[in-house]
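Undergrad:
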Amino acid sequence: MTNNDILKKLRVALKLRDTDIVKILALADFKMTETELSALFRNEDHPNYKPAGDQVLRNFLNGLIIHLRGPRESPSPRPGQEPKRG
Numbered sequence: 079m080t081n082n083d084i085l086k087k088l089r090v091a092l093k094l095r096d097t098d099i100v101k102i103l104a105l106a107d108f109k110m111t112e113t114e115l116s117a118l119f120r121n122e123d124h125p126n127y128k129p130a131g132d133q134v135l136r137n138f139l140n141g142l143i144i145h146l147r148g149p150r151e152s153p154s155p156r157p158g159q160e161p162k163r164g
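Position in the sequence shown counted from 1, then plus 78, gives you our numbering.
(1) Pull up the CB-CB distance for L92 and F138, whole angstroms please, since I reckon it's below 8 Å.
(2) If I'm right that L118 touches A106 with Cβ under 8 Å, what's the distance once you round it to whole angstroms?
(3) Rounded C-beta distance between E112 and D98? I'm assuming under 8 Å.
(4) Which one of H124, K101, R89, L88 has the shortest CA to CA distance from G141?
(5) To which residues of the same chain is L115 closer than 7 Å at the C-beta, ignoring the five residues directly before and after it?
Below, the structure is given as structure tokens:
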């Protein structure tokens with residue numbers, strides 16, 4: 079399964095539009111236009127098809143985490159470290 083297939087399946091499962099995906103990528107500080115995004119969702123035999131690299135998928139997943147959970151307020155303490163109390 080390619081990164082393109084994974085993105086397509088997530089788009090369908092989460093009922094996301096291209097504008098939603100562009101916004102999610104922006105949450106991870108990754109800029110992509112809707113035109114560039116549409117090339118990822120084309121069939122492999124289409125002349126405008128572009129394979130999605132690991133960086134695109136990684137940033138989409140990171141942006142999706144922020145989109146669904148919200149931004150992290152403060153870093154969580156490491157194991158064995160006491161949380162700061164203020």
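Ideal Cβ placement from N, Cα and C applies to all residues, glycine included.
Keep in mind it's a predicted model, so treat the numbers as computed, not measured.
TA: This is what the structure gives:
(1) Under the criterion of beta carbons closer than 8 Å, L92 and F138 do not qualify as touching, at roughly 11 Å.
(2) About 16 Å separates the beta carbon of L118 from that of A106, a gap too long to meet the 8 Å contact definition.
(3) Not quite, the Cβ-Cβ distance comes to about 11 Å (not below 8 Å), so this is no contact.
(4) By alpha-carbon distance to G141, the top candidate from H124, K101, R89, L88 is K101.
(5) Same-chain partners within the cutoff: D96, I99, V100.
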